[in-house]
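Numbering (the UniProt record's numbering), first residue to last: 1 to 404. Inspection log for the structure reproduced underneath, given as structure tokens.
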Amino acid sequence: MSLECFTWITQLLGSLVHKLRHKDEGIFTRLPDCLIIDILSRLPEDCLVRCQRDCRVWKALISSQYFATLYLRRAKPVLIIQCDRGITNHEQNLFVFDESLNNKEKITFRKVLLKRELMINKVNKLNPLFRYSCQGVLLFMDVFSPPTYFIFNPITQEEVTVQHKFHPGYLCAFYYCSLTREFKLLYAREEGSHECQYFIYTVRTQTWRKIHSPTSNFLPRVSPAVVNGAVHLIVSKDLVKPNTPPCANGIMVLKIDKEELSIMPHPGSVCSSWKTHHTMSLLVKEECLSFCQLLIFENAMDIWILEDYETWVWTKRFKVNLVFNNQGIDCSLPFGHTYWEVILYMSWQIEPLDFLEGELVLYWYNRGLFMYNMDHNNLRKIEGPQGSKRFTCMPYIKSLLTIA
């Protein structure tokens with residue numbers, strides 16, 4: 001397929017150049033870059049890699065930031081899955097939807113091939129944990145000491161490693177700043193029992209810096225949603241008032257350009273415990289921030305949409321019915337567990353992943369991948385790659401963006 005596309009693109013550009021030849025001078029006029037870029041941006045990624053390798057002019061165009069942005073904008077969002085995270089076999093068992101979700105009867109997966117020399121394939125214990133997907137670039141974490149982050153682009157095979165620096169602490173978000181064209185990490189570290197400090201790591205410059213926060217007593221969860229030039233995170237706990245649910249300060253907002261943190265309330269009623277915040281997550285639906293809350297004992301999930309970002313006006317738009325084949329959420333735990341222990345246990349069993357082609361994608365632990373049609377209130381199961389029911393799944397979009 002790659003060779004066929006490469007031959008076709010060579011013939012097409014050759015014929016176009018021939019038409020631009022000056023009759024009197026007998027020389028060729030250079031084809032406008034904008035036309036070449038438009039043609040190249042419609043090719044599959046394997047053809048682009050071949051074009052970069054075999055033509056100096058095309059390599060320069062494809063490597064430009066303008067082309068990378070255009071290609072990213074035209075790419076179709078899909079899902080990427082990591083299966084069988086067990087003892088390392090020096091490959092990450094990554095799969096993406098082969099094409100799109102148009103084939104509703106059967107969805108196929110294609111394995112992502114990685115170069116053997118990548119550092120991520122040299123981990124000697126468990127395969128690194130798949131943590132984030134951002135603008136076509138993936139982040140994995142080797143949890144063994146010292147923890148290491150592997151950041152790489154499956155298309156270009158570019159890889160960068162980042163050493164975990166601050167202890168104790170954790171990574172909150174991996175995001176892309178379109179203004180500076182840089183990938184960045186948001187990191188939180190607890191200082192004592194009542195304060196949390198925040199750091200930003202710029203991947204290109206390999207530098208950490210502390211950012212000021214008026215919200216140092218709020219601890220965010222690792223469920224970021226990026227929209228409207230900001231990273232949004234659910235706040236799980238108030239370190240100063242640990243027994244009070246932080247509903248009025250339920251969503252932390254990081255303005256990407258200014259690197260400023262602020263706090264906003266989450267929609268809905270006031271929670272009876274901070275543990276309820278573990279049933280909440282954030283997504284993006286049609287360029288709007290979406291708030292999802294799992295209602296464990298109702299076999300349902302409420303979905304709110306932020307209708308007005310400036311005034312922070314939310315509307316509860318959907319109620320997802322989480323019953324499949326007459327089976328809902330299994331809340332059974334060994335005898336003696338409390339109500340809140342059930343809440344915390346089940347909060348990670350069902351995870352909303354993304355909105356694709358008008359449907360909500362859900363991962364149901366030990367049951368597999370599901371898609372919920374918002375218009376017809378229909379829940380259907382998708383067979384995972386290799387028949388796997390346990391995997392890590394995230395939104396993905398093919399990209400040529402450079403990391404460093």
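Virtual Cβ for every residue (Gly too), placed ideally from N, Cα, C. Since the model is a prediction, treat every value here as computed from it, not as a measurement.
**Q.** Contiguous beta strand (DSSP E) assignments of at least 3 residues, all confined to the region 135-204
**A.** Segments of the beta strand (DSSP E) lying fully in the region 135-204: 137-142, 148-152, 159-163, 170-177, 182-191, 195-202.
**Q.** Neighbour flag for R42 against chain D, beta carbons, 8 Å
**A.** Of the chains in the structure shown, none is chain D; there is only one protein chain.
Q.
Within a Cβ cutoff of 6 Å, which residues of the same chain sit near residue 410, ignoring the five residues on either side of it in sequence?
A. Only positions 1 to 404 of the chain appear in this structure, which leaves residue 410 out of reach.
Q. Which residue comes first and which comes last in the alpha helix (DSSP H) that contains W340?
A. Sequence index remark: in the sequence shown, residue 340 carries index 340 (1-based). It spans 339-346 - the alpha helix (DSSP H) in which W340 sits, taken as one unbroken run.
(Q) Out of P147, M371, W340, which one is the CA nearest neighbour of S273? (A) Within the sequence shown, the letter at position 273 stands for residue 273. If we check each option's Cα against that of S273, W340 comes out closest.
Q) What did DSSP end up calling I296 once you bin it into helix, strand or coil? A) In the sequence shown, counting from the first residue as 1, residue 296 sits at position 296. DSSP places I296 within a helical segment (H, G or I) once states are collapsed to three.
Q.
Our contact map puts L379 next to I350 with C-beta atoms below 8 Å; I'd like the distance itself, whole angstroms only.
A. Against the sequence shown, residue 379 aligns to sequence position 379. Against the sequence shown, residue 350 aligns to sequence position 350. Actually they are not in contact, since the Cβ atoms of L379 and I350 sit about 11 Å apart, beyond 8 Å.
**Q.** Reference I296, options C288, T311, L43, T279, closest by Cα
**A.** The residue given as residue 296 occupies position 296 in the sequence shown. Taking the Cα of I296 as reference, the smallest distance to any Cα among C288, T311, L43, T279 is reached at T279.
Q.
Measuring straight from C-alpha to C-alpha, what distance separates P245 and T276?
A. Here the question's residue 245 lines up with position 245 in the sequence shown. Here the question's residue 276 lines up with position 276 in the sequence shown. Cα to Cα, P245 sits roughly 8 Å from T276.
Q. Under a three-way DSSP split, which group does P385 fall into?
A. In the sequence shown, residue 385 corresponds to position 385, counting from 1. Note: P385 maps to helix in three-state DSSP.
Q) Assuming F150 and Q82 make a contact with CB atoms under 8 Å, what is their CB distance in whole Å? A) Position 150 of the sequence shown holds residue 150. Position 82 of the sequence shown holds residue 82. Contact flag wrong, Cβ pair sits at about 12 Å.
Q.
In the DSSP output, which residue or residues are listed as bridge partners for Q52?
A. Position 52 of the sequence shown, counting from 1, holds the residue named residue 52. Answer is none; Q52 lacks a bridge partner.
Q. Quick one: Cα of L72 to Cα of C47, how far?
A. The count along the sequence shown starts at 1 and reaches residue 72 at position 72. The count along the sequence shown starts at 1 and reaches residue 47 at position 47. If you take the alpha carbons of L72 and C47, they lie about 16 Å apart.
Q: Would you tell me roughly how many angstroms separate the C-alpha atoms of C393 and N124, rounded to the nearest one?
A: In the sequence shown, the residue the question calls residue 393 occupies position 393. In the sequence shown, the residue the question calls residue 124 occupies position 124. Taking the Cα positions, C393 is about 23 Å away from N124.
Q | First and last residue of the uninterrupted alpha helix (DSSP H) at L35 | A | The sequence position of residue 35 within the sequence shown is 35, counting from 1. Where L35 is concerned, the enclosing alpha helix (DSSP H) stretches over 33-40.
Q: Would you kindly check if the distance between the Cβ of C177 and the Cβ of I305 is under 8 Å?
A: Residue 305 sits at position 305 when you count from the first residue of the sequence shown. Residue 177 sits at position 177 when you count from the first residue of the sequence shown. 8 Å or more divides the Cβ of I305 from the Cβ of C177.
Q: Whole angstroms is fine: what's the gap from W58's alpha carbon to V96's?
A: Indexing the sequence shown from 1 puts residue 58 at position 58. Indexing the sequence shown from 1 puts residue 96 at position 96. In a straight line, the C-alpha of W58 is about 27 Å away from that of V96.
Q. Straight-line CA distance for N326 to G368?
A. On the sequence shown, position 326 is the one that residue 326 refers to. On the sequence shown, position 368 is the one that residue 368 refers to. The straight-line gap from Cα to Cα measures roughly 16 Å.
(Q) On the CB-based measure, 16 or more other CB atoms within 10 Å of its CB, does Y132 come out buried or exposed? (A) Taking the first residue of the sequence shown as position 1, residue 132 is located at position 132. Classification for Y132: buried.
Q.
Using a 10 Å radius around the Cβ and a threshold of 16 neighbouring Cβ atoms, would you call A248 buried or exposed?
A. For this step, residue 248 is matched to residue 248 along the sequence shown. Label assigned to A248: exposed.
Q | Every unbroken beta strand (DSSP E) inside the region 232-314 [3 residues or more] | A | Within the region 232-314, the complete beta strand (DSSP E) segments of 3 residues or longer fall at 251-255, 260-264, 280-285, 288-295, 300-308, listed in chain order.
Q. DSSP three-state call for M394: helix, strand or coil?
A. Within the sequence shown, the letter at position 394 stands for residue 394. Assignment of M394 by DSSP, reduced to helix, strand and coil, places it in the strand class.
Q | Start and end residues, beta strand (DSSP E) containing Y363 | A | Indexing the sequence shown from 1 puts residue 363 at position 363. Element bounds for Y363: 359-364.
Q) Rounded to a whole number of angstroms, what is the C-alpha to C-alpha distance between L233 and L353? A) The residue labelled residue 233 in the question sits at position 233 within the sequence shown. The residue labelled residue 353 in the question sits at position 353 within the sequence shown. About 15 Å.
Q. For the candidate residues F166, R317, S223, whose alpha-carbon lies nearest to that of P146?
A. Locating residue 146 in the sequence shown gives position 146, where the first residue counts as 1. Nearest option by C-alpha distance: F166.
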